[in-house]
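Numbering (this note's numbering), first residue to last: 141 to 521.
Have a look at this one:
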């Protein structure tokens, strides 16, 4: 985490003594990501490819947890960590490096960390992953973590974990067709706003009724293809309006066209175009987008501002290699805003879209670009 990041709390004006200590709760699988960079092309069968760079960082659910923490939200993560050097590195990087609360997480004895190898080239990436599901919560006593020693969580989503999530302003869930996670309903009953994304429906049914936890959601954030398939529409905007009949906030990401959102309570809609950047590695960009939208929603910003901020944070993330450690903090956002206003070819109307940043950012910022350190496992002392 950058030591020069301004200590900005986007929720400062809204905080009250009775509020929960946790802003956002999430759970899922933590991977060790090993990223090869500087490849001229995809690996070719039967040959050896040399990368000009390599880095390592926590991945999986750690991408979103890190993005949230870097935007100033008090973030709590419940996850299983491998009982190996990889797991120890990921734990330290998240807890000590990013300030993420891991009191609900556990190190699972005898279980190794899931690993993903990502090869970035031509703005895309190819990934190979390996891992085994962690033992069930009732099978292994918890150890090697902060907080009470109860039971160890599973790496894959498990209906028994977490049974009782902490009270939080918001929680983030990944919906899976045909499966309900009891913790989602519990979190919603305790006042958390539930934000959910969804993956590709391998069953091919694309049935919204097969997503029972959607009923607990404040916001649903699929991509355009997912949204159209679930709503049987041929237009992402029509899909967003159809989804807004099921959830208070429907947000459809449109790739290079930005994002479109509909407020189901008021009928208001907003669209913000994407920011054109040179994409080095798109890993984790979707997670960063969600983190930005959650931040703006909890801060009670107008819908269009939330979309603009989410798109900006995602755009800044793809200009760095890696997943979690490419997530921007306020220092990167401030540097971008300071620089973009000095360019002669900027459309004043487009700049006005981000004028709301003025009240958030410090008056001075470091020069652009801010180059973050290449993420890697530390050297032996």
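Every residue, glycine too, gets a C-beta built ideally from N, C-alpha and C.
Open item on the list: Taking a contact to mean a Cβ-Cβ separation below 8 Å, would you say residue 212 touches residue 252 in this structure?
Closed with: Along the chain shown, one-based indexing puts residue 212 at 72. Along the chain shown, one-based indexing puts residue 252 at 112. The answer is no: Cβ separation not under 8 Å.
Task: Contact under 8 Å by Cβ, residue 392 with residue 310 - done: Position 252 of the chain shown, counted from the start, is the residue given in the question as residue 392. Position 170 of the chain shown, counted from the start, is the residue given in the question as residue 310. No, Cβ-Cβ distance for residue 392 and residue 310 is not below 8 Å.
Task: For residue 502, the three-state DSSP class (helix, strand or coil) - done: Indexing the chain shown from 1 puts residue 502 at position 362. In the structure shown, residue 502 sits in coil (DSSP, three-state: anything other than H, G, I, E or B).
Open item on the list: Please identify the residue among 158, 183, 464, 181 whose C-alpha is closest to the C-alpha of residue 206.
Closed with: Taking the first residue of the chain shown as 1, we reach residue 206 at position 66. Checking every option, the nearest Cα to that of residue 206 belongs to 464.
Task: Selected residue, minimal CA-CA separation from residue 425, among 348, 454, 150, 403 - done: Taking the chain shown and counting its residues from 1, one reaches residue 425 at position 285. Nearest option by C-alpha distance: 454.
- [ ] Output the residue ranges of the beta strand (DSSP E) runs that lie fully inside the stretch 432 to 484 and measure 3 residues or longer, sorted by chain position.
- [x] Annotation note: the stretch 432 to 484 contains no uninterrupted beta strand (DSSP E) run of length 3 or greater.
TODO: Assign residue 181 to one of two classes, buried (16 or more other C-beta atoms within 10 Å of its C-beta) or exposed (fewer than that).
DONE: Start at 1 with the first residue of the chain shown, and residue 181 comes out as number 41. The residue in question, residue 181, is exposed, as its Cβ has fewer than 16 Cβ neighbours within 10 Å.
Task: Cut-off 6 Å between Cβ atoms - residues of its own chain near residue 317, not counting five sequence neighbours on either side - done: Here residue 317 refers to the residue found at position 177 when the chain shown is read from its first residue. 341, 343, 350, listed in sequence order.
Task: Every unbroken alpha helix (DSSP H) within the stretch 309 to 345, with a cutoff of 4 residues, ordered by chain - done: Counting only runs of 4 or more, we get 322 to 329.
TODO: Report all residues from its chain with a CB closer than 7 Å to the CB of residue 383; omit the five preceding and five following residues, and keep chain order.
DONE: Working through the chain shown from its first residue, we reach residue 383 at position 243. Correct list, in chain order: 360, 367, 371, 390.
Open item on the list: Going by beta-carbon coordinates alone, are residue 150 and residue 439 separated by less than 8 Å?
Closed with: As a working mapping, residue 150 is identified with position 10 in the chain shown. As a working mapping, residue 439 is identified with position 299 in the chain shown. Yes, these two residues count as a Cβ contact at 8 Å.
TODO: May I ask you to report which of helix, strand or coil DSSP gives residue 173?
DONE: Counting from one through the chain shown, the residue named residue 173 turns up at place 33. Strand, per DSSP.
- [ ] Could you say which of 186, 229, 153 lies nearest to residue 174 if we only look at CA atoms?
- [x] Position 34 of the chain shown, counted from the first residue, corresponds to residue 174. Comparing Cα-Cα distances from residue 174 to each of 186, 229, 153, the minimum goes to 229.
Task: DSSP-derived helix/strand/coil call for residue 244 - done: In the chain shown, residue 244 corresponds to position 104, counting from 1. Correct three-state label for residue 244: coil.
Open item on the list: Going by C-alpha to C-alpha distance, which of 345, 444, 355 sits closest to residue 326?
Closed with: As a working mapping, residue 326 is identified with position 186 in the chain shown. It is 355 whose Cα lies nearest to the Cα of residue 326.
Task: Helix, strand or coil at residue 212 according to DSSP, with G and I counted as helix - done: Taking the chain shown and counting its residues from 1, one reaches residue 212 at position 72. Residue 212: coil per DSSP, three-state reduction.
Open item on the list: Among the candidates 459, 168, 319, 485, whose CA atom is the shortest distance from the CA of residue 473?
Closed with: Numbered from 1 along the chain shown, position 333 holds the residue referred to as residue 473. Ranking 459, 168, 319, 485 by Cα distance to residue 473 puts 459 first.
Task: Inter-residue spacing [alpha-carbon to alpha-carbon] between residue 168 and residue 148 - done: Here residue 168 refers to the residue found at position 28 of the chain shown. Here residue 148 refers to the residue found at position 8 of the chain shown. Rounded to the nearest whole angstrom, the CA to CA distance from residue 168 to residue 148 is 27 Å.
Task: Option nearest residue 457 by Cα separation, candidates 441, 490, 481, 416 - done: To locate residue 457, count along the chain shown from 1; it is residue 317. That would be 416, whose Cα lies nearest to the Cα of residue 457.
Task: Range of the contiguous alpha helix (DSSP H) that encloses residue 377 - done: Along the chain shown, read from residue 1 onward, the residue named residue 377 stands at position 237. Counting along the chain, the alpha helix (DSSP H) containing residue 377 begins and ends at 376 to 383.
Open item on the list: Quick check on the burial criterion: 16 or more other C-beta atoms within 10 angstroms. Buried or exposed for residue 266?
Closed with: Counted from its first residue, the chain shown places residue 266 at position 126. Exposed, since its Cβ has fewer than 16 Cβ neighbours within 10 Å.
- [ ] Indicate the three-state DSSP secondary structure (helix, strand or coil) for residue 358 in the structure shown.
- [x] As a working mapping, residue 358 is identified with position 218 in the chain shown. Strand, per DSSP.
- [ ] Give the straight-line distance between the Cα atoms of residue 339 and residue 345, rounded to the nearest whole angstrom.
- [x] Counting from 1 along the chain shown, the entry for residue 339 is found at position 199. Counting from 1 along the chain shown, the entry for residue 345 is found at position 205. The alpha-carbon atoms of residue 339 and residue 345 are separated by roughly 13 Å.
- [ ] Could you check what DSSP says for residue 389 in three-state terms: helix, strand or coil?
- [x] For this step, residue 389 is matched to residue 249 along the chain shown. Correct three-state label for residue 389: strand.
Open item on the list: By the DSSP assignment, the beta strand (DSSP E) with residue 266 in it spans what residues?
Closed with: Indexing the chain shown from 1 puts residue 266 at position 126. For residue 266, the enclosing beta strand (DSSP E) covers residues 264 to 270.
Task: According to DSSP, residues forming a beta bridge with residue 166 - done: Residue numbering aside, residue 166 sits at position 26 when the chain shown is read from its first letter. DSSP lists 217, 312 as partners of residue 166.
Open item on the list: Quick check on the burial criterion: 16 or more other C-beta atoms within 10 angstroms. Buried or exposed for residue 231?
Closed with: The residue you call residue 231 lines up with position 91 of the chain shown. Its Cβ being crowded by 16 or more others within 10 Å, residue 231 is buried.
Open item on the list: On the criterion of 16 or more Cβ atoms from any shown chain inside 10 Å, does residue 470 qualify as buried, or is it exposed?
Closed with: Taking the chain shown and counting its residues from 1, the one referred to as residue 470 is at position 330. Label assigned to residue 470: buried.
Task: Option in 178, 493, 219 with minimal Cα separation from residue 450 - done: Your numbering for residue 450 matches position 310 in the chain shown. Checking every option, the nearest Cα to that of residue 450 belongs to 493.
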